[in-house]
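Sequence lines, in order, name chains U and L. Count the first sequence with the UniProt record's numbering and you get residues 1 to 566, in order. Count the second sequence with the UniProt record's numbering and you get residues 1 to 566, in order. Ideal placement from N, C-alpha and C gives every residue a C-beta, glycine not left out. Source: prediction; values computed, not measured. In what follows, a single structure is set out as structure tokens and then discussed.
2 protein chains.
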Amino acid sequence: MAFLPGAPRRLCSLFLCLSLSTLLTRAATRRHEWEVSYQFKSPDCVRKLSATINGQTPGPAIHATQGDTVEVKVRNSLLTENLAIHWHGIRQIGTPWADGTEGVTQCPILPGDTFTYAFVVDRPGTYMYHAHYGMQRSAGLYGVIVVAAAPGGTEPFAYDDEHDVLLNDWWHNSTYELAAGLASVPMVWVGEPHSLLINGRGKFNCSAAVPGTCNATSPECATPVFAVVPGKTYRFRIASVTSLSALNFEIEGHEMTVVEADGHYVKPFVVKNLNIYSGETYSVLIKADQDPNRNYWLASNVVSREPATPTGTAILSYNGDRASPATTPPTGPAWNDTMYRFRQSVATVAHPAHVEPPPPRADRTILLLNTQNKIDGRIKWALNGVSFTLPHTPYLVAMKRGLLGTFDQRPPPETYAHQGYDVYSPPPNPNATVSDGLYRLQFGSVVDVVLQNANMLAPNKSETHPWHLHGHDFWVLGYGIGRFDPTVHPASYNLKDPILKNTVAVHPYGWTALRFKADNPGVWAFHCHIEAHFFMGMGVVFEEGIHRVANLPPEIMGCGETKGGH
Amino acid sequence: MAFLPGAPRRLCSLFLCLSLSTLLTRAATRRHEWEVSYQFKSPDCVRKLSATINGQTPGPAIHATQGDTVEVKVRNSLLTENLAIHWHGIRQIGTPWADGTEGVTQCPILPGDTFTYAFVVDRPGTYMYHAHYGMQRSAGLYGVIVVAAAPGGTEPFAYDDEHDVLLNDWWHNSTYELAAGLASVPMVWVGEPHSLLINGRGKFNCSAAVPGTCNATSPECATPVFAVVPGKTYRFRIASVTSLSALNFEIEGHEMTVVEADGHYVKPFVVKNLNIYSGETYSVLIKADQDPNRNYWLASNVVSREPATPTGTAILSYNGDRASPATTPPTGPAWNDTMYRFRQSVATVAHPAHVEPPPPRADRTILLLNTQNKIDGRIKWALNGVSFTLPHTPYLVAMKRGLLGTFDQRPPPETYAHQGYDVYSPPPNPNATVSDGLYRLQFGSVVDVVLQNANMLAPNKSETHPWHLHGHDFWVLGYGIGRFDPTVHPASYNLKDPILKNTVAVHPYGWTALRFKADNPGVWAFHCHIEAHFFMGMGVVFEEGIHRVANLPPEIMGCGETKGGH
């Protein structure tokens, strides 16, 4: 049987069991061999050392069918740098050691080493993978995972064909420069992205580039083309792996019907364009019903931060040719129209035929105030005054083996002084402490988390933070703008048809409430998916059912207190 | 007692034992705590992410007295990158695990980890330390080690004061770009250095720099000043850690008397300027006997490759002021005057009062033909047709523990078809094989190595290769230009007063013969000290007396087959 320990039982508890036997008998193992190395690439026409998989960035798409085991043998051919790859949206039920989160579920993979990730893709949908070590993702290590519904399963919509759209932002500066700048005193901020990439391609204006580095005619930066046949309906699977940017995605002249979010079916709604945050995936349907004698722009634009990056473009081609439309690419909504994006968030609820009702109440509620802080002259992000730092011994190993001296045993605070907190002013006390403590959750308990956004250090500034939970999906119970009041707002939670997601936006000055069941034995990161923000401390970690985790594979060890097999 | 296992005995066998008891009673432990991190630095006025020790590049100088134990606690605060530091010129008698050579004597130090190097500095002299992992040295990780003679010891020359001069070449491109370029097909060659640095400082012409990156008035690139008092004599301790360049060093208007090379006293000879190759150290004496009403240039110039890098400069100041001399800095000898440099090599012999005679004959002779080759489209360097690659399990651990599956058990060839080889033509067969095999030497045996240089792949091109041996000094028995003939040239070896060195030049189209005693239990790299050349395979490894090596510290393990303590 292709399943790893624990998987079948868990699948059965979370899904309809009707088709499980069919699914099991058909399950295949999808094997991939990847070599990760640095290569000179010109994704936006400017030559840059990029982290590649088998010579490509983005890496190859993983295609599988629900119930399959995906096995990826990763060889680290970086020269002096370690590596870890996270399978974003895959819950790793029964395989918490395969989550690929350096410091949480594994030691990093050393240069020259090979590490095999193996896990079951238990739900159809659109996911992604990316590096999860330092800020390595921004070097180019990412790709999409597409899990098709099992032959027995049905999806609540129909389409003729599909396209993958991977969105990203891109700097010409190296990841090392980005990260070292953030860790510097004073902080050296790299600035807004140089380009927005669609499927790893963009177009920088070569006249603004360092002489000799830019080649506008490089095939590596040829504008991507998405071919359509008039009259047909297409599923666009859209994923964002941006390091920083919130994006708005639009297909000129074509309305989009949102049908999937983070692997869950959405009650369909129509948009002119789609707001998408780093770590999110959506499927939209579009009908090729416009004038077939011309092509149309696909456009990606920065929202939520004042944009200084040109529109990212691709071409929707009715003719099969690569001709650029004569029109101007869509520029998206006003970047600072928070309510525009807020409405899309609220509109995203479960498809009526696929509602998985949330437990009616939580056993525990954790309120997390998101603040920007200053510690030892460095700008950091903190939750309830605690800025997160990763331990050097991965939690999963440390907790399973009782190496409790390897991280702060004091749990981070459950709440903050919410009653008096003015979310519209800079933090009254910009100090914070640094800790690698974590939250221990009772196995099987229901946990609510309310993420409260606030003003940053500078006045009149608050950003969108897309929070991503590893190992779970969560129900999105509600959103608000302003201060969350635990005596008032829970009454307005959507307990009827909340969408399940793994990544959710916390809007400027706003709050987002979510609920999950702590029923996946392991240790799981929960963090802002803006790479710089997690790097600066914007994350927490949950442990649940550590004693139910099966024997750990020794391959995940070798660092910190597990160096040399201690 | 401060000594580590094995040291006292070995010291006694190699040195006069007269002063040993004095020396031992006075031995101190010099403790250093280093944090290695990336910082933005402007060594030549151009801002670049640099590898620093405690925020500095070059790192702090290590000062110790003969017989001291040096203990350096290195914390790796690089974000995703590993680390190893080599103590170049220190033989590590009894502590082969402290040599700091990744893949040979240790696994690399992971981010967040601390590794303590501890070793005895058993001889007075001028040494250096530098990163020995990938091409990390070129990122800025290096410094000088100065070991003073023990109070009982005397040096065969006198001086009033001393200065350290650390020479280097510097690129604005990152180490990652350099290394990835070398590994690319086709090779992407970074080109000649942007600057030559003296004590970590140079002056790039800001008008030629990428706008916004260069600040000509940054204190980080202020020209170094060496103060002298008229009439006094100074010892200049000069070390070269260049990645690529052979250098010529000159002090305008001041003759230099060469008195030390690689920690050994030289029969004094006077030069106008000094040729110095990467990995070498020299001490020269200069007398401040010139017009004290002006200052004088110190100048570093590229030789042996056609220079495209401006002269590196510093100031010899009689007045204590920083005024630049009105003169033009010396430009050194003609870059392609091989015989000029050859003569200096031949002139460097042991001081009459400090001759350590070599064993009269060798037990084994290894001839190594240095060729440039092409393997799978990549340019490589090879010895006798074998291009060296480092194993993933360090040899020291693998051999001590009998993990013989971790590297090629076939030893590399002892010789090549020297009789017919035309050193003045490109290699007739540019192919080579790649191997991590090594030479096993009988413990205590006397080994001769003759390094034969030859024409590169392109016609009429041959470079100088400075070869560095770890764990030993070797006697330099002879040099020649042209093809080495083992039936003829050994008769001309200098067995009377050869200098002992750890790094020696092999001149273009020439050969260099050296002898050493395989009496230091451990595994030792021997390689071209041009960082790119070793990276491209120009090295070999010697094992000797592995069974005499004491128990290995577990801290050196954790990679390859020793991951997880296997």
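Determine whether the beta carbon atoms of residue i and residue j lie at a separation below 7 Å.
i	j	result
Met128/L	Val146/L	no
Glu252/U	Pro330/U	yes
Val165/U	Gly377/U	no
Ala207/U	Ser42/U	Just to set this straight, residue 207/U is Ser in the shown sequence, not Ala. No.
Gly140/L	Ala209/L	no
His529/L	Gly181/L	no
Asn373/L	Ala432/L	yes
Val450/U	Phe484/U	yes
Gly103/L	Pro394/L	yes
Gly471/U	Gln66/U	no
Val446/U	Val476/U	no
Val74/L	Phe119/L	no
Asn455/L	Tyr416/L	no
Ala323/U	Asn295/U	yes
Ile499/U	Ala261/U	yes
Trp381/U	His533/U	yes
residue 585/U	Val190/U	Lying outside 1 to 566, the shown extent of chain U, residue 585/U is not represented and no answer is given.
Ser462/U	Gly478/U	no
Using 8 Å for Cβ pairs, my map puts residue i next to residue j. What's the rounded Cβ distance?
i	j	result
Val225/U	Ser317/U	5 Å
Gly89/U	Asn502/U	5 Å
Leu274/L	Phe249/L	5 Å
Ala98/U	Tyr117/U	5 Å
Tyr142/L	Gly231/L	34 Å between Cβ atoms; not a contact.
Between the C-alpha atoms of residue i and residue j, what's the straight-line distance to the nearest angstrom?
i	j	result
Ile62/U	Tyr159/U	21 Å
Met1/L	Arg548/L	Note that Met1/L has pLDDT 29, beneath the 50 cutoff, so the model's placement of it is unreliable and the number below is only indicative. Their Cα atoms are separated by approximately 21 Å.
Ile546/U	Ala398/U	10 Å
Thr22/L	Pro553/U	With a pLDDT of 48 at Thr22/L, under the threshold of 50, the predicted position of this residue should be treated as unreliable, and no value is reported.
Glu192/L	Trp170/L	9 Å
Asn301/U	Gln409/U	43 Å
Ile198/L	Thr311/L	10 Å
Val355/L	Lys267/L	9 Å
Val72/L	Ser283/U	55 Å
Arg10/L	Thr95/L	Low confidence applies here, because Arg10/L scores a pLDDT of 40, under 50, leaving its location unreliable and the question unanswered by this model.
Ala149/L	Gly537/L	37 Å
Phe204/L	Met557/L	42 Å
Gly482/L	Trp511/L	7 Å
Glu33/L	Gly153/L	29 Å
Phe535/U	Tyr439/L	46 Å
Ala246/U	Gly420/U	30 Å
Pro342/U	Glu155/U	For the sequence presented, residue 342/U should be read as Phe rather than Pro. The alpha-carbon atoms of Phe342/U and Glu155/U are separated by roughly 27 Å.
Asp473/L	Gly405/U	45 Å
Gly202/L	Ile53/L	19 Å
Ser345/L	Lys272/L	15 Å
His507/L	Gly480/L	8 Å
Taking the beta strand (DSSP E) that residue i falls in, what are its first and last residues?
i	result
Met256/U	Met256 to Ala261
Ala513/U	Gly510 to Lys517
Tyr479/U	Phe474 to Ile481
Ala239/U	Thr233 to Ser240
Lys267/L	His264 to Val271
Ser300/U	Tyr296 to Val303
Asn373/U	Arg364 to Ile375
Based on the DSSP output, what are the partners of residue i in its beta bridges?
i	result
Val523/U	Glu543/U
His63/U	Val146/U
Val190/L	In DSSP, Val190/L forms no bridge with anything.
Alpha helix (DSSP H) containing residue i: first to last residue?
i	result
Arg343/L	Thr338 to Ala347
Ala246/U	Run containing Ala246/U: none in the alpha helix (DSSP H); it sits in the beta strand (DSSP E), Ala246 to Ile251.
Gly181/L	Thr175 to Ala183
Val397/L	Tyr395 to Lys400
Glu531/L	Glu531 to Phe535
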